[in-house]
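Here the protein sequences come in this chain order: A and B. Following the working numbering, the numbering of the first sequence begins with 1 at its first residue and continues without gaps. Following the working numbering, the numbering of the second sequence begins with 1001 at its first residue and continues without gaps. Below you'll find the structure, written out as structure tokens, and then a few comments.
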Amino acid sequence: MLRKTYRFRLLLLWCSTFFVFSAILVRLYHVQVIDNEKYLVRAAEQQHKRVTLTPRRGDILDRNGSILATSYFTDTIVLDTRKLRRGKGDEAPLDIPPGLIDDLAEVLGRPRSQIQQYFDKPYRYYVYRKAPEEVSQAMAMIDERYDLPPNTIIFEKQSKRYYPKAHLAAHILGFTKIDDAGDNIGLAGVELQYDEYLKGSYQETQIPVNSLRTGLAPIADEVIESTYGHNLILTIDEQIQMFTQRALRRRVGELQARSGVAIVMDVRTGGILALANCPDFDPNHFSETDDDQRLNRALTDPFEVGSVMKILTTTLLLDGGLLTPSENVNTGSGAVFLHGRWIRDVHAIGGWVPLRHAFAESSNVAMALLSERIEQVAYYQGLRRFGLGSSLGIDLPGEGSGILRPVEQWTAMSRASLAIGYETSLTPLQAVSALAAIGNNGWRMAPHVVQAVVSRDGRTIREFPGEPVERVANPETCANMLELMEAVVLEGTGKGRAEVPGFRVGGKTGTTVKHYRSDSGRKLYIASFAGLFPIDEPRVAIFVTVDEPRGAKYGGEVSAPVFREIALKVAHILGIPPSDPAEYEAYRRKEEGFVDPALRVAEDGDSSPSAEDNGVLAVDADSGGMPAALPVEPGRPVLPAVDLALAESLLPATGDEDAEAERPRMPDCLGLTMVEAWERLAEAGIEARMIGSGLAVRQDPAPGRRLPASRAAMVVFAQNTDVAQKASAGEDAFQAQ
Amino acid sequence: MRTLNTPLLLFMLTLALVTCGIVAVYSASASSAYLTKQLLFAGIGLAAMLFCYAIDYHVLKRASFWLMLVAFGLCCLVLVPGIGNEVKGARRWLALGPISIQPSELAKLALIIYMAKMLSERRAVIKSFFSGVFPALVVTGAFAAIIVIEPDFGAAFVLCLITFGMWLAAEMRWFHLVGLVLAAVPAALVAFLSEPYRAKRLIAFMFRDKETLLGAGWQLHQSLIAIGSGGLWGLGLGESRQKFHYLSEAHTDFIFAIMAEELGFVAMSCIVGMFLLITVLGWKVAWRTTDLFGSLLATGVTLMVFIGASINMCVVLGLLPTKGLVLPFISAGGSSLIVCMAAMGILMNVAASLYHHQGARAVTA
């Protein structure tokens, strides 16, 4: 039996137990429950890092989904030499591993002295912006080999804008400049116009970090992708655009002209299928180009279209019942004195001739006399309905409005002048739009280049179907106009130059004297051709104008051949049925499977094709070729640097000649840049998978082989591997030490 | 009052805490290596516990002197360079092949047993300073000194506190007890001021401003953030954020904070409650045992668990200055776990004797 004192002492200990545990529980409750909010805030503060997400700019695609502009992420490499300090404090000496500076100099491709400077004045340096994949990898390897302190070499993610088709549709696409996230500020073209949709959102997110500020979990893909911009789908057709651009550039080159514009518009929707300016530029290197190259003349440059105006005048006369298609009209003696001025025909016709004949031969006299029949106000209003004198509101920046003086300022001469295309200026876009209205049964459609804005997961954000603006004429009038325009090609000024084998076409030539006596003493012209194709059921309106051609001056001889070439391609690409299939077939057979004339010139002509013959899309020789990596499809991350052995193993064995003789033959792409190869393949009608970057080193099938139906063609590109080799050499050297 | 079987209850509580500890160690360290080790230690601990339960605890009385000698010898051995494992400037571990043991943990239990024997034998002369107090003081002082030399101030402090509690229970005179405390103050001050980091920690504890938060007060600050963000229900098992380098010693000294963060107030109340229950049951055993040796043994073991648990919790909660002490049964570490489980075996053993001896019943009645 224990004594009472002993038990009293135990009771004391027993009490202390309750006292201590009660204190612990109260404290626990206080910290955990009452102060919960406070500590949660503190925890969140220290356990998370705010990270600004880098949005990826939306892609721009043509109407068939082919990529015209895309973005991919590159690393901007930061070297923070302060991290190498041996101790704490700003004066501590750097601990530089032997060989590091040499390796850095080699990988970064800079002189050793320059790298040395980074270490002489320790700081945070941006040593390589938008680094190619292999430089990034080599730097990461250095980081690992030398076991540098954390955050000595930092890779900042930045997106880079890339236009895989270089010059293609450059004036429509525009270009971008750099901001914090990379190339993400639209400066021109749809890049500017649709910047809000393309640029995505600049969001911040919080990621959990440990006490060393190292992220504990990757940011969720959904979060990252929610910042990405929307994609644009253009009305542009990549193929039509390419051929349009090429045909125009070659013609401008041949005639040593100052500039040229060609537009192909879908008459039913007002959508632009192709819009070419010459000169043009490569948006990948827009800073190296000048204003002249970047100018989108199709929208900005109004000019006197000359006889093309006769289309509008005649339409208004017919529509107002002031003229009947079967009427004979007076062409005078080839010249007429009207309101104190002589108006002359280029080739005098003389006397009263059918309207068809006068129109086909583009008689200025007849048109000037006929214009007297229409009231000034009615004439003015009619031209306004066609869209003259105001901008059409196309979804591209910088559109001009042309010139059409208000009717109060007109003189007695004005109607006659307007009728033959003077006293007013149209932008090429206004011209093609007015023409398209006639091809669309009199309904003028709003011109546009963007068909839809689509989110990355395929939801349609906005859609831009054809939108009718105004009725310019009755369908009957339009039908009559189509006949008159066909006459131009069949028997008039466009004869022998604008015909497209197997199809019925119509149009109107236009030649304007720009300068009667220029500085060079030469008479300067603007030669245009406005055509509808095919004329029996117009699908596209094509307008071609060439500024200051040499050697030839008339719209018929200068621009009609360009129209013809484009129309042939359009027929092929859009699959427009020929009105005379037999003739079309014969033509195709004769032309050896629709080989582009430009290529034939290059092949059988001289052995060294000029840049012009090589096509509009040739990459500038000094541009350094292609960017480091190429995304294969929209939304996909960039491909890593090509592993040649792997790429080779991906290629199916060559040599299984396919029995189908119908299949296209594979052109020789070896040694070409990606754009060149793409162009050549497009010509052959082959869509190939392109892997890697640099110059083509392998292809399947082999050159000249027919492409089997069973598999897709493939071309493998490889970069000059100098950098990678240097990096691995450095690695060996280090191991030797 | 035999509705609940005390030894069985103690056994269950111990197992429950050890199980919680294994889960918590795994979560806080996020390492399966720790899990395997802790499971192995728990297995050895279980064997030790059952062994201590199965023997007649009076055997301990006879063995106590030798046990104490061995423990003291190990404590000395730890100071020998090459044998003792030096970690962060302190020799606290004995390297024994792949595992290392902490003799100061073993010393605690050995001293408790020896002290129980000594105090029960000198019951008659306990009021006398030279016959009663002095021998106990010498033995305790020797252990405390050798442990302070390691240095492990915290362990020495806990050791002294346990024996002091036993002296209190063993009816030492208040005059002597208070006198000892007063005498200990200068000694403690000397020990305290000899190491600057101890003073720093105390200052950090007393003045919790921004500056100290980043220095000496960092651990406490992080501990409170961990506990405070737990709330009523916790962030969920394994969801602790503070274990990612914010809170050092997350799986040992500060495991309570990580548990609190993951499990919340409700679950942590249960953990505290289990420690409380073990302590209360311990006092019950000490109260009812007629055998003074058994009673003092129970008192010592109970004090060991009580003081170990409460000091650790108070440190983690900021009620006491930061001291590197493990939480019994729960923190990672083999020595503490095995010794604690063995001690619980002894407590169960004494408790079981209540039902075996007639005298026990008489007391209950």
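Using N, Cα and C, we set each Cβ at its ideal position, and we do this for glycine too. Since the structure is predicted, the reported quantities are computational estimates derived from the model, not experimental observations.
State the Cα-Cα distance for the pair T1006 of chain B and V1280 of chain B, rounded to the nearest angstrom. Here residue 1006 of chain B refers to the residue found at position 6 when the second sequence is read from its first residue. Here residue 1280 of chain B refers to the residue found at position 280 when the second sequence is read from its first residue. T1006 of chain B and V1280 of chain B: Cα-Cα distance of roughly 11 Å.
Coarse secondary structure for G260 of chain A, derived from DSSP in three states: Indexing the first sequence from 1 puts residue 260 of chain A at position 260. Strand at G260 of chain A.
Point to revise | Cut-off 6 Å between Cβ atoms - residues of its own chain near G625 of chain A, not counting five sequence neighbours on either side | key: To locate residue 625 of chain A, count along the first sequence from 1; it is residue 625. In this predicted model, G625 of chain A has a pLDDT of only 32, less than 50, meaning its place in the structure is not dependable; the value taken from the coordinates is given anyway. Hits under 6 Å: T673.
Q.
Residues in the same chain with beta-carbon distance under 8 Å from S608 of chain A, minus the five sequence neighbours each way, listed in chain order, please.
A. Start at 1 with the first residue of the first sequence, and residue 608 of chain A comes out as number 608. Bear in mind that the predicted position of S608 of chain A carries a pLDDT of just 35, short of 50, making it unreliable; the figure below should be weighed with that in mind. Here the set comprises nothing.
TODO: Anything in the region 198 to 209 of chain A with a Cβ closer than 7 Å to a Cβ of chain B? List those residues in chain order, please.
DONE: P208
Would you mind telling me which residues of chain B sit closer than 7 Å to V51 of chain A, beta carbon to beta carbon, in chain order? Against the first sequence, residue 51 of chain A aligns to sequence position 51. Those do not exist, as V51 of chain A stays about 17 Å from chain B at its closest Cβ, beyond 7 Å.
Rounded to whole angstroms, what's the CA-CA distance from A1116 of chain B to G1228 of chain B? Just pull it up for me. If you number the second sequence from 1, residue 1116 of chain B lands on position 116. If you number the second sequence from 1, residue 1228 of chain B lands on position 228. The alpha-carbon atoms of A1116 of chain B and G1228 of chain B are separated by roughly 41 Å.
* Along chain A, which residues have their Cβ under 9 Å away from the Cβ of L1232 of chain B? -> On the second sequence, position 232 is the one that residue 1232 of chain B refers to. Neighbours of L1232 of chain B on chain A, chain order: Q32, V33, N36.
### Task
May I ask you to report which of helix, strand or coil DSSP gives K1284 of chain B?
Here residue 1284 of chain B refers to the residue found at position 284 of the second sequence. K1284 of chain B falls in the helix class under three-state DSSP.
Between W678 of chain A and chain B, is any beta-carbon pair separated by less than 8 Å? What you label residue 678 of chain A is simply residue 678 of the first sequence in a count that begins at 1. No, no contact with chain B.
Original post:
Counting contacts by CB-CB distance shorter than 8 Å, is V20 of chain A in contact with chain B?
Top reply: As a working note, residue 20 of chain A is residue 20 in the first sequence. True, the Cβ-Cβ gap to chain B drops below 8 Å.
### Query
With a Cβ-Cβ cutoff of 8 Å, do G174 of chain A and G182 of chain A count as a contact?
In the first sequence, residue 174 of chain A corresponds to position 174, counting from 1. In the first sequence, residue 182 of chain A corresponds to position 182, counting from 1. Contact flag unset, no.
Worksheet entry | For Q206 of chain A, the residue or residues it bridges with in DSSP | For the purposes of this step, residue 206 of chain A is taken as the residue at position 206 of the first sequence. Answer by DSSP bridge pairing, in chain order: A:R50.
key: Helix, strand or coil at W1233 of chain B [DSSP, three-state]   = On the second sequence, position 233 is the one that residue 1233 of chain B refers to. Reduced to three states, the DSSP call for W1233 of chain B is coil.
Can you tell me whether V619 of chain A is buried or exposed? The criterion is at least 16 other CB atoms within 10 Å of its CB, across all chains shown. Locating residue 619 of chain A in the first sequence gives position 619, where the first residue counts as 1. Summary for V619 of chain A: the model assigns pLDDT 33, below 50, so the residue's position carries little reliability; its value from the coordinates is reported in the next sentence. It counts as buried.
Quiz item: Is DSSP giving M1166 of chain B helix, strand or coil here?
Solution: Here the question's residue 1166 of chain B lines up with position 166 in the second sequence. Three-state DSSP puts M1166 of chain B in a helix.
(message) What does the alpha-carbon distance come out to for the pair P279 of chain A and L168 of chain A?
(response) Your numbering for residue 279 of chain A matches position 279 in the first sequence. Your numbering for residue 168 of chain A matches position 168 in the first sequence. Taking the straight line joining both Cα atoms gives about 12 Å.
Between the Cα of C1314 of chain B and those of B:V1178, B:G1333, B:A1257, B:A1352, spot the shortest distance and give me the residue it belongs to. Indexing the second sequence from 1 puts residue 1314 of chain B at position 314. When only C-alpha atoms are compared, the closest one is B:A1257.
Out of A:G521, A:L234, A:S287, A:F18, point me to the one whose CA is closest to P447 of chain A's CA.
-> Within the first sequence, numbered from 1, the residue matching residue 447 of chain A stands at position 447. Residue A:L234 is the option with its Cα nearest to P447 of chain A.
### Query
How big is the Cα-Cα spacing for V562 of chain A and E486 of chain A?
Counting from 1 along the first sequence, the entry for residue 562 of chain A is found at position 562. Counting from 1 along the first sequence, the entry for residue 486 of chain A is found at position 486. Cα to Cα, the separation comes out at about 17 Å.
Could you give the first and the last residue of the continuous alpha helix (DSSP H) run that contains P538 of chain A? Start at 1 with the first residue of the first sequence, and residue 538 of chain A comes out as number 538. Note, P538 of chain A: premise wrong, no alpha helix (DSSP H); not H, not E.
* Asked: DSSP beta-bridge partners for A463 of chain A?
  -> Counted from its first residue, the first sequence places residue 463 of chain A at position 463. Inspection of the sequence shows that residue 463 of chain A is occupied by Glu rather than by Ala. According to DSSP, E463 of chain A bridges with A:A452.
Exposed or buried, A220 of chain A, counting other C-beta atoms within 10 Å across all chains shown (16 or more means buried)? For the purposes of this step, residue 220 of chain A is taken as residue 220 along the first sequence, with counting starting at 1. Flag for A220 of chain A reads exposed.
Quick one: grab the DSSP three-state call for A628 of chain A. Indexing the first sequence from 1 puts residue 628 of chain A at position 628. Confidence at A628 of chain A is low in this model, with a pLDDT of 29, below 50, so the placement of that residue should be treated as unreliable; the coordinate-derived value is given next. Coil, per DSSP.
* Asked: Taking the runs of the beta strand (DSSP E) that are 3 residues or longer, which of them lie wholly in the region 498 to 524 of chain A?
  -> 506 to 515
| request: Please state if the CB of L1161 of chain B and the CB of A1144 of chain B are separated by a distance shorter than 8 Å. | output: Taking the first residue of the second sequence as 1, we reach residue 1144 of chain B at position 144. Taking the first residue of the second sequence as 1, we reach residue 1161 of chain B at position 161. Their beta carbons are not under 8 Å apart, which means A1144 of chain B does not touch L1161 of chain B by this criterion.
Closer than 8 Å by C-beta to H48 of chain A: which residues in its own chain qualify, once you throw out the five before and the five after it? Chain order, please. Taking the first residue of the first sequence as position 1, residue 48 of chain A is located at position 48. Here the set comprises Q206, I207, P208, V209.
- Query: Using a C-beta to C-beta distance shorter than 8 Å, which residues of chain B count as neighbours of Q46 of chain A?
  - Reply: Position 46 of the first sequence holds residue 46 of chain A. What Q46 of chain A touches in chain B: I1225, Y1246.
Note to self: Assuming contact is defined by CB atoms lying nearer than 8 Å, are V127 of chain A and V190 of chain A in contact in what I supplied?
What the structure shows: To locate residue 127 of chain A, count along the first sequence from 1; it is residue 127. To locate residue 190 of chain A, count along the first sequence from 1; it is residue 190. No, the Cβ-Cβ distance between V127 of chain A and V190 of chain A is not below 8 Å.
With a CB to CB cut of under 6 Å and the five nearest residues on each side skipped, what residues in its chain are close to A1250 of chain B? On the second sequence, residue 1250 of chain B is found 250 positions in, with the first residue counted as 1. These residues qualify, in order along the chain: A1028, K1243, I1258.
**Prompt:** Going by alpha carbons, who is nearest to V1305 of chain B out of B:R1092, B:V1080, B:L1109?
**Reply:** One-based indexing of the second sequence puts residue 1305 of chain B at position 305. Answer by Cα proximity: B:L1109.
Problem - Inside the region 112 to 137 of chain A only - alpha helix (DSSP H) runs reaching at least 4 residues - result: 112 to 120
Query raised in the report: Which class does N284 of chain A belong to by DSSP, given the choice of helix, strand or coil?
Result: Numbered from 1 along the first sequence, position 284 holds the residue referred to as residue 284 of chain A. Reduced to three states, the DSSP call for N284 of chain A is helix.
Residues that Y72 of chain A bridges to, as DSSP identifies them: Mapped onto the first sequence, residue 72 of chain A falls at position 72. DSSP output for Y72 of chain A lists A:K160 as bridge partner(s).
query = By how many angstroms is the C-alpha of V1350 of chain B removed from the C-alpha of T1290 of chain B?
reply = Reading the second sequence from its first residue, position 290 is the one you call residue 1290 of chain B. Reading the second sequence from its first residue, position 350 is the one you call residue 1350 of chain B. If you take the alpha carbons of T1290 of chain B and V1350 of chain B, they lie about 10 Å apart.
What ranges does the beta strand (DSSP E) occupy inside the region 288 to 314 of chain A, keeping only unbroken runs of at least 3 residues that lie completely in it?
none
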